[in-house]
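What follows is a set of notes on a single structure, which appears directly below.
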Amino acid sequence: MKVMGIVGWSGSGKTSLLVGLLPIFKGMGFTVSTMKHAHHRFDVDTPGKDSFRHREAGASEVLVVTSSRWVLMHESREEPEPPIETLIERMTPVDLLLIEGFKTHHHPKLEIHRESEGKALLCPEDPEIVAVASDRPLPGLKIPRLDLNDPSAIAGFILAHTGLNRI
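Just so we're aligned, residue 91 is where the sequence shown starts under this note's numbering, counting upward by one.
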């Protein structure tokens, strides 16, 4: 399974790019999954639901199943967040796993940068960032700069970088 991360500051457009890339890869015949790092306040479960009650009563894991999807919730309680490698191992193998966030973890990453946000580039401090997708030219950049408004070109870069060039 090939892996590519999408990183950047909050509000830079990571999710928008990722959502734009998915139909491109799917249209080329690739199987693709995603992993998203959420804020610690985020929860998929809500008070009053049976699954919430199961977790609150002490269940280590709760599997909720419908005819259209299933979700497995693992209760970490006091455990530290698992390493990204452990999380990737839990994923069903696909051609490409796109990871949103996890900017401090070790995997190849594409940085999303918008000059209008006034935030510094992450790539000078992270050698695992292999390219930057930006809405403006970035003079002096030592890695490839991709046009943030051209998801097809970004998809082509990801395929070339990961070695996924079949179909």
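Glycine residues also receive a C-beta, built at the ideal position from the N, C-alpha and C atoms. As the structure is a prediction and not an experimental result, all values here were calculated from the model.
Enclosing beta strand (DSSP E) for Gly95 [first to last residue]: The residue given as residue 95 occupies position 5 in the sequence shown. Counting along the chain, the beta strand (DSSP E) containing Gly95 begins and ends at Lys92 to Val97.
Status (buried if at least 16 other CB within 10 Å, exposed otherwise) for Arg180: The residue given as residue 180 occupies position 90 in the sequence shown. By the neighbour-count rule (16 or more Cβ atoms within 10 Å), Arg180 is not buried but exposed.
DSSP bridge partner residues for Leu188 (one or two, in chain order): Locating residue 188 in the sequence shown gives position 98, where the first residue counts as 1. According to DSSP, which records beta bridges pairwise, Leu188 is partnered with Met94 and Thr124.
Separation of Ala149 from Asp140, as counted between CA atoms: In the sequence shown, residue 140 corresponds to position 50, counting from 1. In the sequence shown, residue 149 corresponds to position 59, counting from 1. Whole-angstrom Cα-Cα distance: 12 Å.
For Val154 and His251, the rounded distance between their alpha carbons: Position 161 of the sequence shown holds residue 251. Position 64 of the sequence shown holds residue 154. Cα to Cα, His251 sits roughly 37 Å from Val154.
Best match in Leu112, Gly208, Leu228 and Leu236 for proximity to Ala221 [C-alpha to C-alpha]: Position 131 of the sequence shown holds residue 221. Of Leu112, Gly208, Leu228 and Leu236, the residue nearest in Cα terms is Leu236.
Buried/exposed call for Val152, threshold 16 Cβ in 10 Å: Mapped onto the sequence shown, residue 152 falls at position 62. Counting Cβ neighbours within 10 Å, Val152 comes out buried, since at least 16 surround it.
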